[in-house]
Amino acid sequence: MDTNKTILIFDDDVNILELCSIILMESGYQVEISETSHDIIEKVTRINPDVILMDNWIPDIGGIKATQLLKQHPAFKHIPVIYFSANNDIHLLAETAGADAYLPKPFDLVELENIVNDVLERKHH
Numbered sequence: 001m002d003t004n005k006t007i008l009i010f011d012d013d014v015n016i017l018e019l020c021s022i023i024l025m026e027s028g029y030q031v032e033i034s035e036t037s038h039d040i041i042e043k044v045t046r047i048n049p050d051v052i053l054m055d056n057w058i059p060d061i062g063g064i065k066a067t068q069l070l071k072q073h074p075a076f077k078h079i080p081v082i083y084f085s086a087n088n089d090i091h092l093l094a095e096t097a098g099a100d101a102y103l104p105k106p107f108d109l110v111e112l113e114n115i116v117n118d119v120l121e122r123k124h125h
């Protein structure tokens, strides 16, 4: 596995942030977290993540708008965004947002690792 990859997680649920952080760090990733999408462009500029996990209900502007902002930005549109939500129509939300992949909540921790690995592999091909 390719280590030294940074994953930025946007979710207002502290338990999800903690759980995802532990699992991904154990897999060798560096993890940065944010409980809000406030200043998203500045955060992504500073952290320069390889993958972004985006919650649908992230405070301030919401996951769809936050993802669209990133995907419209020339410097960040290449960064894969994995959208996650407990909504039944997550595939439609992810598509509207322009996300590269989606993960329904609640998710299996193996699923989380797999989808992160998948988008990283796709990014390098």
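Residue 68 in full-length UniProt numbering sits at position 68 of the sequence shown; the count goes up by one each step and never skips. Beta carbons: idealized from backbone N, C-alpha and C, even for Gly.
Residue i and residue j closer than 8 angstroms at C-beta
i, j, result
"residue 84", "residue 105", "yes"
"residue 60", "residue 91", "no"
"residue 31", "residue 7", "yes"
Burial state of residue i, where buried means 16 or more other Cβ atoms lie within 10 Å
i, result
"residue 28", "exposed"
"residue 22", "exposed"
Cβ-based neighbour list, residue i, same chain, cut-off 6 angstroms, excluding 5 preceding and 5 following
i, result
"residue 81", "52, 54, 67, 99 and 100"
"residue 44", "76"
"residue 25", "31"
Residue interval of the beta strand (DSSP E) (run including residue i)
i, result
"residue 7", "6-10"
"residue 55", "51-55"
"residue 32", "30-34"
Residue interval of the alpha helix (DSSP H) (run including residue i)
i, result
"residue 113", "109-123"
Spatial neighbours of residue i in its chain, beta-carbon cut-off 7 angstroms, leaving aside the 5 residues before and after
i, result
"residue 96", "64"
"residue 87", "56 and 93"
Nonlocal neighbours in the same chain, by C-beta distance under 8 angstroms from residue i, ignoring five residues either side
i, result
"residue 17", "9, 11, 33 and 35"
"residue 114", "none"
Check: residue i C-beta below 7 angstroms from any heavy atom of the ligand FMN
i, result
"residue 17", "The ligand FMN is not among the ligands present in this structure, which contains no ligands whatsoever."
Inter-stretch contact at 8 angstroms, needing at least 3 Cβ pairs: the segment 105-119 / the segment 62-79
Output reads no: the segment 62-79 does not touch the segment 105-119.
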